[in-house]
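Top line first, the protein sequences correspond to chains A and B. Just so we're aligned: 334 in full-length UniProt numbering is position 334 of the first sequence, and the numbers increase by one with no gaps anywhere. Just so we're aligned: 177 in full-length UniProt numbering is position 177 of the second sequence, and the numbers increase by one with no gaps anywhere. Okay, so here's the structure we're looking at.
2 protein chains.
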Amino acid sequence: MAIAKKVTINDVAHAAGVSVATVSLVLSGKGRISTATGERVSQAIEQLGFVRNRQAASLRGGQSGVIGLIVGDLCSPFYAELAAGMIESLESQGKMVFLTQGGRKGEHMLERFDTLVSQGVDGIVIAGAVDRGAELRTKAEDNGVPLVFASRASYLDDVDLIRPDNMQAAQMITEHLIRRGHQRIAWLGGQSASLTRAERVGGYCATLLKFGLPFHSEWVVECEASQKQASQALTQLLGQNPTITAVVCYNSVVAMGAWLGLMRSGWKSSDEGVDYYDKRVALAAFAEVREKDLDDAPMSWVITPAREMGKSVAERMLQRLDDGKSTVRNQIMPPRLVKQQ
Amino acid sequence: MAIAKKVTINDVAHAAGVSVATVSLVLSGKGRISTATGERVSQAIEQLGFVRNRQAASLRGGQSGVIGLIVGDLCSPFYAELAAGMIESLESQGKMVFLTQGGRKGEHMLERFDTLVSQGVDGIVIAGAVDRGAELRTKAEDNGVPLVFASRASYLDDVDLIRPDNMQAAQMITEHLIRRGHQRIAWLGGQSASLTRAERVGGYCATLLKFGLPFHSEWVVECEASQKQASQALTQLLGQNPTITAVVCYNSVVAMGAWLGLMRSGWKSSDEGVDYYDKRVALAAFAEVREKDLDDAPMSWVITPAREMGKSVAERMLQRLDDGKSTVRNQIMPPRLVKQQ
DNA sequence: ATGAAAGCGCTAACAG
DNA sequence: CTGTTAGCGCTTTCAT
Numbered sequence: 001m002a003i004a005k006k007v008t009i010n011d012v013a014h015a016a017g018v019s020v021a022t023v024s025l026v027l028s029g030k031g032r033i034s035t036a037t038g039e040r041v042s043q044a045i046e047q048l049g050f051v052r053n054r055q056a057a058s059l060r061g062g063q064s065g066v067i068g069l070i071v072g073d074l075c076s077p078f079y080a081e082l083a084a085g086m087i088e089s090l091e092s093q094g095k096m097v098f099l100t101q102g103g104r105k106g107e108h109m110l111e112r113f114d115t116l117v118s119q120g121v122d123g124i125v126i127a128g129a130v131d132r133g134a135e136l137r138t139k140a141e142d143n144g145v146p147l148v149f150a151s152r153a154s155y156l157d158d159v160d161l162i163r164p165d166n167m168q169a170a171q172m173i174t175e176h177l178i179r180r181g182h183q184r185i186a187w188l189g190g191q192s193a194s195l196t197r198a199e200r201v202g203g204y205c206a207t208l209l210k211f212g213l214p215f216h217s218e219w220v221v222e223c224e225a226s227q228k229q230a231s232q233a234l235t236q237l238l239g240q241n242p243t244i245t246a247v248v249c250y251n252s253v254v255a256m257g258a259w260l261g262l263m264r265s266g267w268k269s270s271d272e273g274v275d276y277y278d279k280r281v282a283l284a285a286f287a288e289v290r291e292k293d294l295d296d297a298p299m300s301w302v303i304t305p306a307r308e309m310g311k312s313v314a315e316r317m318l319q320r321l322d323d324g325k326s327t328v329r330n331q332i333m334p335p336r337l338v339k340q341q
Numbered sequence: 001m002a003i004a005k006k007v008t009i010n011d012v013a014h015a016a017g018v019s020v021a022t023v024s025l026v027l028s029g030k031g032r033i034s035t036a037t038g039e040r041v042s043q044a045i046e047q048l049g050f051v052r053n054r055q056a057a058s059l060r061g062g063q064s065g066v067i068g069l070i071v072g073d074l075c076s077p078f079y080a081e082l083a084a085g086m087i088e089s090l091e092s093q094g095k096m097v098f099l100t101q102g103g104r105k106g107e108h109m110l111e112r113f114d115t116l117v118s119q120g121v122d123g124i125v126i127a128g129a130v131d132r133g134a135e136l137r138t139k140a141e142d143n144g145v146p147l148v149f150a151s152r153a154s155y156l157d158d159v160d161l162i163r164p165d166n167m168q169a170a171q172m173i174t175e176h177l178i179r180r181g182h183q184r185i186a187w188l189g190g191q192s193a194s195l196t197r198a199e200r201v202g203g204y205c206a207t208l209l210k211f212g213l214p215f216h217s218e219w220v221v222e223c224e225a226s227q228k229q230a231s232q233a234l235t236q237l238l239g240q241n242p243t244i245t246a247v248v249c250y251n252s253v254v255a256m257g258a259w260l261g262l263m264r265s266g267w268k269s270s271d272e273g274v275d276y277y278d279k280r281v282a283l284a285a286f287a288e289v290r291e292k293d294l295d296d297a298p299m300s301w302v303i304t305p306a307r308e309m310g311k312s313v314a315e316r317m318l319q320r321l322d323d324g325k326s327t328v329r330n331q332i333m334p335p336r337l338v339k340q341q
């Protein structure tokens, strides 16, 4: 099959018996075109199967209709879902997305940024850990490219930023346990270097204090994201502090490890926690996204709706595209509590 | 801060005291340029911070350096990792990737395809379930755009296709159990409408026969991807068929459910399976990607290296770009067995 | 080995 | 309302 010669705006103009300018106007919906001509042009377009060359359009000065997305780690479920939500939203507005990877720690953000600019994107979204935010902001200003950040945790200031409300999430999950009658609540998991964890621990701690409950630093234990480690850490914690009745787990792996650990030591899970003779320990957790594995676990958990966050990011970007001068702002995604049973 | 006026090839030519043509030649590495001039140009480029406008380049007739990727579901860990591998690979070759979503069932593949073409991509990769493969192939031919498919399971023929070896994966995991002494091996999970499952069950069955072991259709049970359902289904299966000593689980959720189910019924996990008095049942599973949750489970599992598959896809695409006439081929990714110690 | 010039397909003034 | 015209930034013959 021969390669169909590309049909251009010229061919359309010819077929419709008008000038290229007219076709262009019809295409962009600008200018007042008579209904009759508009009709004729549309028909020609249809008939010839014309698809407008965005590159040429953008070269001439218009918008490219393309948004660049630099995501740190596409394999993180949270960012994958964020990206999916964003792309979905943008595509429904007729935009397209250039996806590139900035590295788990944001190592490649700057180079990727340049590449995106050279591709003529209308705006850039950066999702994930950011290495050199200030430089990026300057670059964006220099190039006149709207920039929006989306991150799980961040201290960036003076930029458009959308992020989860880690502190509120921690408050919700802690308060949930308290309302179920728990007074001695421990924390399991995460590494102290993590910003996300810091924000969450902050919320946990604040909530305890707010309810006049004891906060013991020995009840906040670090551990790696492995079931075995979580299981061991929890057993040790409970052994040394038998009065603890509830545990907040930093993520789903830790949570599963905690649960399994208890079960393996002879505890049995019931609807509201894990029981051992006359004692009960309730579990609660943070999760990146809705996970099948947690569905059947005897615990409540809290997530940040990543897909919706992606949509918010898209909306924010569209706004900036409309009105480049609109003031930057810091937007926060409320978390969602998933109650067990 | 004022928006820096975009520096073009003209400015570079001026600064280096040569013509734009020369700069272009240096940029593309074509044509014989004297070392001296080349040096001077490169220096000017560096100094002015010039970045070549790919849109213009591509418009004029060159390649755009952009590959379109239509992925069905970015939230599936398998495809997320595949995409990540592909993008990584392509970016290291100076290419960029347009990412769009084709829908879980490939509903939007055709529209997305058109959009990508209008953006002037050099080639298109389709990852995921494909709805109308034949049409896509025709479209690609008409537009002269190389097309490569990557899918977890597919019957597409006569196209460039890279897919996992589901059958071999099933053979590996089944044989693994057999070599450990199991003779009565059951299958748990998946829905019979799934193509992937069909391929895997095929491999499981074939391996049993190859080793002269019994295959009972009652030992192959469907179940949804939920721990609870898996747990119930397994309990029932083992209750009715007490001679079974090993179970192959269709995915990680089913596997976790199976394990938990056994534990909750009083079984205890050991290194080589789950024990109950004098009886032992070994578990094995398919997983989409390496999962932390499976790491500490008493079972072996098999995965298709999605990231490497992504790299293969990228390579295949680059080949087609070099040599559009190279014959299509069906490439298969070997699975990897992860033995639980 | 390098320069001059002709566009790629489209849009944005500016005329009519 | 619609046509004319001048490029956007770059590549690519064709001369020199």
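Beta carbons are placed, not taken as given, at the ideal position from N, Cα and C, and that holds for glycine.
Query	Result
Beta strand (DSSP E) runs wholly inside the UniProt domain "HTH lacI-type" (7-61) of chain A, at least 3 long, in chain order	none
Contact under 8 Å by Cβ, D160 (chain B) with R307 (chain B)	no
Inter-residue spacing [alpha-carbon to alpha-carbon] between L136 (chain A) and V23 (chain A)	39 Å
Endpoints, the alpha helix (DSSP H) within which W259 (chain B) is located	252-264
CB contact flag (residue 351 (chain A), V97 (chain B), <8 Å)	Because chain A in this structure spans residues 1 to 341, residue 351 (chain A) falls outside the shown range and cannot be described.
Partner residues on chain A for N53 (chain B), Cβ-Cβ distance less than 9 Å	L59, S118, Q119, G120
Unbroken stretches of the alpha helix (DSSP H), 4 residues or longer, contained in the segment 114-184 of chain B	133-143, 166-179
Per-residue burial, E81 (chain A) [other beta carbons within 10 Å of its own, 16 or more giving buried]	buried
Closer than 9 Å at the beta carbon, the chain B residues around F78 (chain A)	In chain order: nothing, as chain B lies at least about 10 Å away.
Contact list for A83 (chain B) against chain A, beta-carbon separation under 7 Å	L74
Spatial distance of Q55 (chain B) from R54 (chain A) (CA atoms)	9 Å
Where the segment 296-320 of chain B meets chain A: residues whose CB sits under 7 Å from a CB there	D296
Cutoff 8 Å: L99 (chain B) Cβ touching any chain A Cβ	yes
contact_flag[the segment 107-118 of chain B, the segment 68-77 of chain B] where n(CB pairs < 8 Å) is 3 or more	yes
CB of L74 (chain A) within 8 Å of CB of A83 (chain A), strictly	yes
Contact the segment 34-44 of chain A vs the segment 32-50 of chain B: 3+ CB pairs below 8 Å	no
Entirely enclosed beta strand (DSSP E) segments - the segment 275-330 of chain B, minimum 3 residues	279-286, 299-303
Cβ pair L195 (chain A), A134 (chain A) closer than 8 Å	no
Beta-carbon proximity list for I244 (chain A), same chain, < 8 Å, skipping 5 on both sides	R184, I185, A186, W219, L237, L238, V281
Which residues DSSP lists as bridging F98 (chain A), in chain order	A:G68, B:F98
For L90 (chain B), three-class secondary structure by DSSP	helix
Segment contact flag, the segment 140-159 of chain A with the segment 309-319 of chain A, C-beta cutoff 8 Å, min 3 pairs	yes
Chain B contact residues for A225 (chain A), given Cβ-Cβ distances below 9 Å	K292
Between the CA atoms of Y79 (chain B) and Y204 (chain B) - distance to the nearest angstrom	24 Å
Contacting residues, own chain, Cβ-Cβ under 8 Å from K339 (chain A) (five flanking each side not counted)	H176, S300
S217 (chain B) - DSSP class collapsed to helix/strand/coil	helix
For G144 (chain A) and M1 (chain B), the rounded distance between their alpha carbons	For M1 (chain B), the pLDDT reaches just 38, beneath the cut-off of 50, and the residue's location in the model is therefore unreliable, although a value from the coordinates is still provided. Going from the Cα of M1 (chain B) to the Cα of G144 (chain A) covers about 10 Å.
Enclosing beta strand (DSSP E) for K210 (chain B) [first to last residue]	No beta strand (DSSP E) contains K210 (chain B), which is instead part of the alpha helix (DSSP H) from 195-210.
Exposure label - D322 (chain A); buried when at least 16 CB within 10 Å	exposed
Rounded straight-line distance, which links the Cα of A16 (chain A) to that of M86 (chain A)	38 Å
Top-ranked residue by Cα proximity to S226 (chain A), from A:A193, A:L262, A:S42, A:G257	A:G257
In DSSP terms, what R336 (chain A) is bridged to	A:I303
Three-state class that DSSP yields for S269 (chain A) in the structure shown	strand
Span separating the alpha-carbon of G49 (chain A) from that of Q232 (chain B)	55 Å
C-beta atoms of A230 (chain A) and A284 (chain A) nearer than 8 Å	no
Supposed close pair I173 (chain A), V248 (chain A) - CB separation, criterion 8 Å	6 Å
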